[in-house]
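Peer 1: Residue numbers (full-length UniProt numbering), protein chains in the order written: chain C, 1 to 193; chain P, 1 to 193.
There are 2 protein chains.
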Amino acid sequence: MTAASEPARPRRSDATRAAILQAARDRFAAEGYERATIRAIAADARIDPSMVMRYYGNKEGLFAAAAEFDLRLPDLTAVPPGRLGEVLIRHFLSRWEGDETLAALLRAASTNPGAAERMRDIFADQITAAVAAFGTDPATAAQRAGLVAAQTLGLAFTRYIVQLPPMVTMTTEELIAWVAPTLQRYLTEVPEN
Amino acid sequence: MTAASEPARPRRSDATRAAILQAARDRFAAEGYERATIRAIAADARIDPSMVMRYYGNKEGLFAAAAEFDLRLPDLTAVPPGRLGEVLIRHFLSRWEGDETLAALLRAASTNPGAAERMRDIFADQITAAVAAFGTDPATAAQRAGLVAAQTLGLAFTRYIVQLPPMVTMTTEELIAWVAPTLQRYLTEVPEN
DNA sequence: GTCTATAATTCGATAGAC
DNA sequence: GTCTATCGAATTATAGAC
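1. Start and end of the alpha helix (DSSP H) containing residue 50 of chain P?
2. How long is the line joining the alpha carbons of residue 195 of chain P and residue 158 of chain P, rounded to whole angstroms?
3. Let's see if you can read the secondary structure: which residues bound the alpha helix (DSSP H) around residue 26 of chain P?
4. Leaving out five residues on either side along the sequence, give the residues of the same chain with a beta carbon under 8 Å from the beta carbon of residue 161 of chain C.
5. Counting pairs of Cβ atoms below 8 Å between the region 173-184 of chain P and the region 81-88 of chain P, do you hit three or more?
6. Note down, in chain order, all residues in the region 122-138 of chain P with a beta-carbon under 7 Å from any beta-carbon belonging to chain C.
7. Leaving out five residues before and five after residue 168 of chain P in sequence, what residues of the same chain have Cβ atoms less than 7 Å from its Cβ?
8. Please confirm whether residue 63 of chain C has its beta-carbon closer than 7 Å to some beta-carbon of chain P.
9. Roughly how many angstroms lie between the CA atoms of residue 15 of chain C and residue 32 of chain C, to the nearest whole one?
10. Please look up how many angstroms separate the CB atoms of residue 77 of chain P and residue 133 of chain P, rounded, as I've assumed it's under 8 Å.
11. Could you tell me which chain P residues have their CB closer than 7 Å to the CB of residue 162 of chain C, listed as they occur along the chain?
12. Could you compute how far the alpha carbon of residue 5 of chain P sits from the alpha carbon of residue 109 of chain P?
13. Check whether the region 62-72 of chain P and the region 144-152 of chain P touch, using three or more Cβ-Cβ pairs below 8 Å as the test.
14. What's the C-alpha gap between residue 95 of chain C and residue 25 of chain C?
15. Nearest chain P C-beta to residue 4 of chain C closer than 7 Å, yes or no?
16. So what does DSSP say about residue 4 of chain P, is it helix, strand or coil?
17. Measure how close the beta-carbons of residue 44 of chain C and residue 18 of chain C come, nearest whole angstrom, since I'm counting them as under 8 Å.
18. Just the C-alpha distance for residue 121 of chain C and residue 55 of chain P, rounded to the nearest angstrom, thanks.
19. Please list the residues of the region 88-107 of chain C that have a C-beta atom closer than 8 Å to any C-beta atom in chain P, keeping them in chain order.
20. For the alpha helix (DSSP H) containing residue 44 of chain P, list its first residue and its last residue.
21. What is the DSSP secondary structure of residue 173 of chain C, reduced to helix, strand or coil?
22. Pick helix, strand or coil for residue 137 of chain P, following the three-state DSSP scheme.
23. Please classify residue 94 of chain C: does DSSP put it in a helix, a strand, or coil?
24. For residue 141 of chain P, which residues in the same chain have their Cβ closer than 7 Å to its Cβ, ignoring the five residues on either side in sequence?
25. At 7 Å on the CB atoms, spell out the chain P contacts of residue 157 of chain C, in chain order.
26. Starting from residue 66 of chain P, trace the alpha helix (DSSP H) both ways and give me its first and last residue.
27. Does DSSP put residue 113 of chain P in a helix, a strand or coil?
28. Could you list which residues in chain P have their beta carbon closer than 8 Å to that of residue 185 of chain C, in chain order?
29. Would you please verify whether the beta carbon of residue 85 of chain C is less than 7 Å from any beta carbon of chain P?
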């Protein structure tokens, strides 16, 4: 048994696996879960479709591997309290401009239950933890995190998926100027009711 | 030629057509465009699959007919200027709670280009017109409309599609209290940059 | 108007040679 | 590790009987 504990030796198939994952992200991001076919992904990666099955078992396993995503949220306790909203939206925009994994998740989450569950885990857990960590009113931390996710995902959905003209045209700085105060309020202000 | 101009005489097939459209909305809303099959829709409507083809030509035609949607935005010029955000979000929530057409559009727009185009038309045209009508800074009217659509669709996406727990749990009044000030700012306040 | 039968594709997944 | 061949199932869409 020479397996299970050799992180040092790169397998020869690692390049193939990486090519498959990259092609899978592209296809899932562009076409969603159902329309992205294993055959097309394999063709993009210049390998045989059966290799995809061999490495990832089935289509769901491939998606699970391709849709791994970490928001990489910064430590909000180290941010000046008045600039939390700006830091957050700036981070989100830079995090997913140029990484199509989020687009793949967004498109797939609309129709695939597994993808929706992953989206719940990512946004609920990671944002809730970040929001709860810096301590505004623990009783409403989950609500605040949900609202941040709603505004953030709405921006991504309209800008990258539906591509509403004004949302596509705006520069990132314009978006930040508009949305930062919204997130700031969701994070720090006391509800009115 | 007795056709083309008899809006008075109800065809005997109208009940069938209505049943098909209702079943189509249900399926498209629950499963998205690709996974909703004509066979399943026909079975729900208790008719033969070929009838769907006969009435609507093909799957895209069926979706186009089923996804007809009007936001029915109120006349914003008749609203007290300080309550625009609240009126808008309250209207949105009541408009689509209980009408699955929006859910069908949201799910389908993620993967179907035609559905995305329809979503652009609805939200860009209808909201832009409503925003432009009451006259805050015409130069940024399109941006404001886009931001309203982003926050609104993000709410719908997280509450009805992805079903983030906090967004599902909140009551409509809680949502209104949180989101109304956001829309109010997008509609009426001057950008900071 | 309604249904049967089926054409024509396409897909995920498997078996097995090399 | 890689590929060929193919199965079995599901889909949209069509042709045509009644």
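Glycine included, C-beta positions come from ideal geometry on N, C-alpha and C.
Peer 2: Straight from the coordinates:
1. For residue 50 of chain P, the enclosing alpha helix (DSSP H) has its first and last residue at 49-56.
2. As shown, chain P starts at 1 and ends at 193. That puts residue 195 of chain P outside it, with no answer to give.
3. Per DSSP, residue 26 of chain P belongs to the alpha helix (DSSP H) from 14-35.
4. In the same chain as residue 161 of chain C, and ignoring 5 residues on each side of it, the C-beta atoms closer than 8 Å to its own belong to 103, 106 and 107, in chain order.
5. yes
6. 123 and 124
7. 159
8. no
9. 24 Å
10. 6 Å
11. 109, 116, 119 and 120
12. Any reading at residue 5 of chain P must be qualified, since the residue scores a pLDDT of 47, below 50, and its modelled position is unreliable; the value itself is stated next. Distance between the alpha carbons of residue 5 of chain P and residue 109 of chain P: 34 Å.
13. no
14. 16 Å
15. Below a pLDDT of 50, predicted positions are generally treated as unreliable, and residue 4 of chain C, at 47, falls in that range; no measurement from the model is reported.
16. Confidence in residue 4 of chain P is poor, its pLDDT being 47 and thus under 50, which makes the residue's placement too unreliable to answer from.
17. With a contact defined as Cβ atoms closer than 8 Å, residue 44 of chain C and residue 18 of chain C miss out at about 13 Å.
18. 42 Å
19. 106 and 107
20. 38-44
21. helix
22. The three-state reading of DSSP puts residue 137 of chain P in coil, since its state is none of H, G, I, E or B.
23. Helix at residue 94 of chain C.
24. Answer for residue 141 of chain P: 128, 131 and 132, listed in chain order.
25. Listed along chain P are 153, 154 and 157, each with a C-beta nearer than 7 Å to that of residue 157 of chain C.
26. 59-66
27. helix
28. Listed along the chain, the chain P residues whose CB falls inside 8 Å of the CB of residue 185 of chain C are 181 and 182.
29. no
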